[in-house]
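Residue numbers (our numbering), protein chains in the order written: chain H, 1 to 221; chain W, 1 to 221. Even for Gly, the Cβ is constructed at its ideal location relative to N, Cα and C.
2 protein chains.
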Amino acid sequence: MTRAESIDRPYHHGDLRRALIEAALALVTEEQDWSFSLREVARRAGVSHNAPYNHFSEKRDLLGAVAAAGFEALRDRMRAAIAGVGNPRTALLAGAAAYVNAGVENPALYRLMFGPALATPAPVVRSGTASADSGRPAEARAAGAGAKAVLDEIILRGAERGVFAISATSKSELAIAALSIWSAVHGLTLLLIDSLTGSELAIDTLVNRLIRTLLEGLEPR
Amino acid sequence: MTRAESIDRPYHHGDLRRALIEAALALVTEEQDWSFSLREVARRAGVSHNAPYNHFSEKRDLLGAVAAAGFEALRDRMRAAIAGVGNPRTALLAGAAAYVNAGVENPALYRLMFGPALATPAPVVRSGTASADSGRPAEARAAGAGAKAVLDEIILRGAERGVFAISATSKSELAIAALSIWSAVHGLTLLLIDSLTGSELAIDTLVNRLIRTLLEGLEPR
DNA sequence: TATTGATATTGACAGTGTCAACTTAGCGCA
DNA sequence: TGCGCTAAGTTGACACTGTCAATATCAATA
Numbered sequence: 001m002t003r004a005e006s007i008d009r010p011y012h013h014g015d016l017r018r019a020l021i022e023a024a025l026a027l028v029t030e031e032q033d034w035s036f037s038l039r040e041v042a043r044r045a046g047v048s049h050n051a052p053y054n055h056f057s058e059k060r061d062l063l064g065a066v067a068a069a070g071f072e073a074l075r076d077r078m079r080a081a082i083a084g085v086g087n088p089r090t091a092l093l094a095g096a097a098a099y100v101n102a103g104v105e106n107p108a109l110y111r112l113m114f115g116p117a118l119a120t121p122a123p124v125v126r127s128g129t130a131s132a133d134s135g136r137p138a139e140a141r142a143a144g145a146g147a148k149a150v151l152d153e154i155i156l157r158g159a160e161r162g163v164f165a166i167s168a169t170s171k172s173e174l175a176i177a178a179l180s181i182w183s184a185v186h187g188l189t190l191l192l193i194d195s196l197t198g199s200e201l202a203i204d205t206l207v208n209r210l211i212r213t214l215l216e217g218l219e220p221r
Numbered sequence: 001m002t003r004a005e006s007i008d009r010p011y012h013h014g015d016l017r018r019a020l021i022e023a024a025l026a027l028v029t030e031e032q033d034w035s036f037s038l039r040e041v042a043r044r045a046g047v048s049h050n051a052p053y054n055h056f057s058e059k060r061d062l063l064g065a066v067a068a069a070g071f072e073a074l075r076d077r078m079r080a081a082i083a084g085v086g087n088p089r090t091a092l093l094a095g096a097a098a099y100v101n102a103g104v105e106n107p108a109l110y111r112l113m114f115g116p117a118l119a120t121p122a123p124v125v126r127s128g129t130a131s132a133d134s135g136r137p138a139e140a141r142a143a144g145a146g147a148k149a150v151l152d153e154i155i156l157r158g159a160e161r162g163v164f165a166i167s168a169t170s171k172s173e174l175a176i177a178a179l180s181i182w183s184a185v186h187g188l189t190l191l192l193i194d195s196l197t198g199s200e201l202a203i204d205t206l207v208n209r210l211i212r213t214l215l216e217g218l219e220p221r
């Protein structure tokens, strides 16, 4: 008997990869931090401290998979929030509220999705233009794109129906509009997470005002 | 002779606290990551691996001091960018551009300023409203507030002169406007850092369009 | 039935954050 | 002047980490 304790657990787990992701996700959620050890994740999954290396080449990889799961959940939540909503303006407000609430409810997970744990360790030299592709795992990138697509669709629909002052055929106009909204929503989420708003308003109210400001503008008409 | 090597370095460093912050800042900047060890910071400063504990009770504390330094630099940079600019609209564009550029030039530092390394390890239960104060070090919080104040001033000036459609006497209107702008700028900075914009435009152009969208609104007039 | 390949295990290693105990040296006070 | 206090440095130890290498298990397949 070489195994430490001989509970009649099979030698091979069967679905360890998924189990590890779930354990790590639970840890992130509970501790609101991802500085837990890979060994603890393994312990939770009931395997030896080195078993994870059969499924993830690094701790970073596991965290990347967790981030991807987070993006998928976010995407689903936004889709659910806008399902059946016809008016693009209303859909935008609902989608944005869903987004921000998801982030605020699990700040550590939200941070992990965009987090520095996934950044390339190598120093990235940057020119004055913003080029695509960074060092984050492909899995997380793809899942993130899926979430962003929900937003893009709303904008496109709004442009098509003339609800937004954007040409539905101009890719760049659409992109700028989406970027503006995504920036605002992403930023607000993080400021809320950091408790940096100084506002006592409920989150939904805040999101409402933010998006309305974006739609209507700050300058006098 | 108990000391490892007897170069004639004095037993007491003299200004170790500052030296440690500088070393850590340099490491963050070089490696674009703050997973370096506290011991390496000590090595850089030329002291033993435990010397830092006389000035910082945890590694987190040191990183907090670095974050505070980052906020001060950001504040100075914004102030320089808007110095002598009379028109609030122009000032807003200039200040925002300075902000985003600062973030993009040293992404790891920017992340650290708002980063999860400073978050409370304890699980934070959150109600539906956004309350102030989080677990980040007072030093970093104060420095962050100093940077935000620059933005607030611009908004206030704009409101006073009627450049923005905001009542200069309504605290809540001012706060919402500032929050909207800060969210957008913060969000854009992070999306750029993550190379998530998919845009090939120069940063200054991007900032310009973002702020103009915010000022003019997305809806048809 | 023997082989193989994927999946798991144990053991080892250097390096980490932090605690405890000790040393140094500058400053205020007898 | 000298003495001791205290802040600021030191070494040493500890449990624990991520990751590597070697080994064990077992299902599938030839």
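Of all residues in the stretch 178-191 of chain W, only L179, S180, I181, W182, S183, A184, V185, H186, G187, L188, T189, L190 and L191 come within less than 9 Å of chain H when Cβ atoms are compared, listed by chain position. When Cβ-Cβ separations below 9 Å define contact, W/T90 makes no contact with chain H. By alpha-carbon distance to W/E160, the top candidate from W/A149, W/K148 and W/L174 is W/L174.
Scanning its chain for C-beta atoms nearer than 6 Å, with the 5 sequence neighbours on each side dropped, one finds no residue around W/G198.
When Cβ-Cβ separations below 9 Å define contact, W/R39 makes no contact with chain H. Residue burial is scored here from C-beta neighbours: W/S195 has at least 16 other C-beta atoms within 10 angstroms and is therefore classed as buried. Per DSSP, the continuous alpha helix (DSSP H) segment holding H/Y99 begins and ends at P88 to E105. For the 9 Å CB-CB criterion, W/I211 and W/L74 do not form a contact. Residues of chain H whose Cβ lies closer than 7 Å to the Cβ of W/F114 are, in chain order, L190 and D194. Neighbours of W/R221 in chain H, taken as residues whose beta carbon is under 8 Å from its own, are A165 and R221 in chain order. Residue environment for W/T90: exposed (fewer than 16 other C-beta atoms within 10 angstroms of its C-beta). Annotation: the continuous alpha helix (DSSP H) that includes H/A19 extends over L16 to E31. Flagged as an interface residue toward chain H: W/A175, by a C-beta distance shorter than 9 Å. The straight-line gap separating the alpha-carbon atoms of W/A19 and W/A81 is approximately 29 Å.
The contact set of H/L63 on chain W, defined by CB atoms closer than 7 Å, is empty, because the minimum CB distance reaches about 12 Å. Contact of H/G162 with chain W is assigned, a C-beta pair being separated by under 9 Å. Under the Cβ criterion of 9 Å, W/A108 is counted among the residues facing chain H. W/E31 is not a Cβ neighbour of W/A142, given a cutoff of 9 Å. Around the CB of W/S180, 16 or more other CB atoms lie within 10 Å, so the residue is classed as buried.
Under the 9 Å criterion on CB atoms, W/E216 is classed as interfacial with respect to chain H. The Cβ-Cβ distance between H/V185 and H/L151 falls below 9 Å. Closer than 9 Å to the CB of H/G144 there is at least one CB belonging to chain W. Collapsing the DSSP output to three states places W/A168 in coil.
One Cα belongs to H/G64, the other to H/A140, and the distance between them is close to 6 Å. Listed along chain W are I176, L179, S180 and S183, each with a C-beta nearer than 8 Å to that of H/L210. Annotated three-state conformation of H/A83 is coil, per DSSP. A Cβ of chain H is located within less than 9 Å of the beta carbon of W/R136.
Against chain W, a Cβ distance below 9 Å from H/T169 picks out nothing, because the smallest value is about 16 Å.
DSSP, read as helix, strand or coil, puts H/W34 in coil. Taken atom to atom, the span from the alpha-carbon of H/Y99 to that of H/M78 is near 6 Å. Here the C-alpha atom of H/W182 lies approximately 10 Å from the C-alpha atom of W/S183.
DSSP, read as helix, strand or coil, puts W/E58 in coil.
Within 10 angstroms of the beta-carbon of W/A178 lie 16 or more other beta-carbons, which makes it buried. In this structure, DSSP gives H/P116 a helical state, which the three-state scheme calls helix. The beta carbons of H/P52 and H/I154 sit no closer together than 9 Å.
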